[in-house]
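Residue numbers (this note's numbering): 219 to 773. Using N, Cα and C, we set each Cβ at its ideal position, and we do this for glycine too. Note sheet for the following structure.
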């Protein structure tokens with residue numbers, strides 16, 4: 219079979235103005251970025267708010283493994299399949315970061331015959347949104363250091379600065395640095411560092427904002443440091459929110475592209491899925507709901523992180539009510555959760571598959587807590603055997619879960635029609651959506667709700683630093699914020715080696731951080747890398763552009 223980029227380059231794209239017209243947007247509603255990309259104007263986003271709402275469907279997955287689950291591919295394929303069966307459908311996904319594109323992971327535009335187009339542009343600079351995030355973030359960092367240099371009128375303690383700089387590449391050498399060297403004219407020396415741009419709180423705020431003025435208010439609340447008296451210093455104190463919002467005036471507009479089968483897709487925003495919530499923007503999702511019968515979106519990592527945050531963070535701030543959930547699983551990944559090494563996943567192993575299905579079982583239990591109908595999508599691989607597929611079907615049916623085989627990677631929308639029909643049936647059921655916890659609960663109670671009910675932990679233990687920060691944030695008035703758990707994506711526990719459905723474990727919260735602008739408290743259950751490094755053979759070594767402009771090696 220052709221590679222993803224070969225399939226994408228051979229596809230026939232329609233002018234993006236034609237794609238826009240299929241969802242009721244005129245040429246005046248979009249701003250063209252070439253022939254095949256566009257941004258939707260803020261006026262259009264505002265105008266359609268009075269439209270009837272379509273169905274909102276979340277695509278999530280079991281805990282990820284090196285075998286891959288195909289969550290994005292399933293999202294794209296499901297959108298194509300729904301259009302094939304006569305449902306006006308829009309997809310909404312996150313924007314890929316340059317770091318993974320040039321690192322090891324690769325791009326994030328789907329795969330096979332369920333991809334977004336233009337794939338090369340989406341995986342590279344796209345419309346410049348992530349660069350705008352970087353600029354707004356680094357402007358705030360510059361204003362912070364300048365305030366200290368110019369006499370420190372805000373009484374900022376340089377030892378308590380919590381705001382670093384960002385760039386959209388993997389660069390381990392910049393994780394920890396000293397700024398302000400070179401004498402008095404170059405600022406005040408202090409320790410700092412760089413994170414990757416998608417880890418920026420500016421990105422998280424963008425993805426939870428309802429409009430530009432809401433985004434500016436979120437920027438105003440970002441805590442960048444503390445004074446010598448322990449009081450928070452915000453971007454508002456530095457009078458930075460206006461200029462930051464100005465830099466984001468175009469980035470806040472949703473980006474419109476298409477799939478291989480010309481299904482409309484919004485690709486907008488891309489926050490980390492551990493220290494942030496891992497979903498595309500609220501604005502793009504709200505826009506899609508008002509323009510289509512079905513709005514299909516996804517959340518990062520497995521359902522224990524992605525779906526939980528989609529429900530408790532994104533839906534809370536975006537006033538969203540999901541109508542159905544698709545839980546993606548593969549026989550290969552389930553066998554890995556059952557103890558099979560990655561090198562042996564192509565071999566039939568029903569015993570390991572049965573053990574690994576406990577991971578799927580726990581995710582189904584968790585999703586039921588939110589009151590939304592669920593359909594399991596088995597993403598088919600060529601190595602799957604009929605016996606393995608039958609076992610997954612039988613286990614799902616025994617658990618009372620609807621299940622469908624998905625062949626969207628190999629067949630595009632045609633391979634997802636059975637899944638699409640079952641999603642439509644699920645979305646027609648009554649959704650009794652509810653949050654896992656209320657805002658008024660103490661921070662520790664919210665953390666324990668997630669750890670015990672979603673992860674299955676026996677108890678939660680806190681380091682002394684974490685306890686101190688929880689007390690501090692509650693004293694400062696941030697106790698009503700929802701929590702964003704940061705832990706390994708590979709296990710329900712905080713130990714990535716514990717596969718399947720681990721039992722009899724505790725979660726240790728090592729640190730707690732504040733994202734006041736985005737609007738959540740981050741509880742870190744482990745060490746989270748916010749600036750990745752390049753591997754021994756990074757993807758960048760294989761990526762090239764030929765004399766005729768053809769891009770090779772991208773994915």
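- In the three-state reduction of the DSSP assignment, residue 500 falls in the helix class, which pools H, G and I.
- Per DSSP, residue 377 is not a residue of any alpha helix (DSSP H); the beta strand (DSSP E) it occupies stretches across 374-379.
- Your pair residue 746 and residue 673 does not check out as a contact, with CB atoms roughly 16 Å apart and the cut at 8 Å.
- Remark: C-beta atoms of residue 281 and residue 708 approach each other more closely than 8 Å.
- Per DSSP, residue 669 lies in no alpha helix (DSSP H) segment and is marked neither H nor E.
- Between the alpha carbons of residue 500 and residue 688 lies a distance of about 28 Å.
- Taking the Cα positions, residue 315 is about 10 Å away from residue 417.
- In the pairwise beta carbon analysis, the segment 620-628 is classified as not touching the segment 646-654: fewer than three pairs are separated by under 8 Å.
- Between residue 678 and residue 685, the alpha-carbon positions lie close to 12 Å from each other.
- In this structure residue 276 is buried. Its beta-carbon is surrounded by 16 or more other beta-carbon atoms within 10 angstroms.
- For residue 749, the secondary structure class from DSSP, reduced to helix, strand or coil, is coil.
- Of the residues assessed, residue 248 falls on the buried side of the cut-off, its CB having 16 or more other CB atoms within 10 angstroms.
- For the pair residue 292 and residue 544, the CB atoms are nearer than the 8 Å cut-off.
- When the five nearest sequence neighbours on each side are left out, the beta carbons in the same chain lying within less than 6 Å of the beta carbon of residue 714 are those of 706 and 708, in order along the chain.
- In this structure the segment 552-571 does not lie against the segment 504-511, because fewer than three pairs of beta carbons, one per stretch, are closer than 8 Å.
- Non-local C-beta neighbours of residue 317 in its own chain, meaning closer than 7 Å and more than five positions away in sequence, comprise 386, 387, 388, 414 and 750, ordered along the chain.
- Where residue 477 is concerned, the enclosing beta strand (DSSP E) starts and stops at 473-477.
- Assignment of residue 519 by DSSP, reduced to helix, strand and coil, places it in the coil class.
- Classified as exposed, residue 431 has fewer than 16 neighbouring CB atoms from the shown chains inside 10 Å of its CB.
- When DSSP states are grouped into helix, strand and coil, residue 580 belongs to the helix group.
- Residue environment for residue 352: buried (at least 16 other C-beta atoms within 10 angstroms of its C-beta).
- Restricting attention to 712, 600, 720 and 626, the CA atom closest to the CA of residue 285 is found in 600.
- Contact between the segment 254-271 and the segment 220-239 is established, with three or more Cβ pairs separated by less than 8 Å.
- The Cβ atoms of residue 305 and residue 539 lie no closer than 8 Å to each other.
- In this structure, the CA atom of residue 238 is about 11 Å from the CA atom of residue 308.
- Here residue 446 carries a coil assignment [DSSP, helix/strand/coil].
- The straight-line gap separating the alpha-carbon atoms of residue 439 and residue 372 is approximately 16 Å.
- Note on geometry: alpha-carbon atoms of residue 541 and residue 403 lie some 58 Å from one another.
- Residue 412 and residue 377 do not touch by the CB rule: their CB atoms are close to 19 Å apart, not below 8 Å.
- The count of Cβ pairs closer than 8 Å, one atom from the segment 578-588 and one from the segment 604-617, reaches three, so the stretches are in contact.
- Judged by beta-carbon spacing, residue 701 lies within the 8 Å limit of residue 665, meaning their Cβ atoms are closer than that value.
- Using a C-beta cut-off of 8 Å, the segment 520-537 makes no contact with the segment 456-465, since fewer than three inter-stretch Cβ pairs fall below that distance.
- Counting only the Cα atoms, residue 397 lies some 28 Å from residue 756.
- Nearest Cα to residue 350 within the set 426, 535, 463 and 303: 463.
- A residue is called buried once 16 or more other Cβ atoms fall within 10 Å of its Cβ, and residue 331 is buried on that count.
- Contact between residue 699 and residue 476 fails: their C-beta atoms lie close to 37 Å from each other, not under 8 Å.
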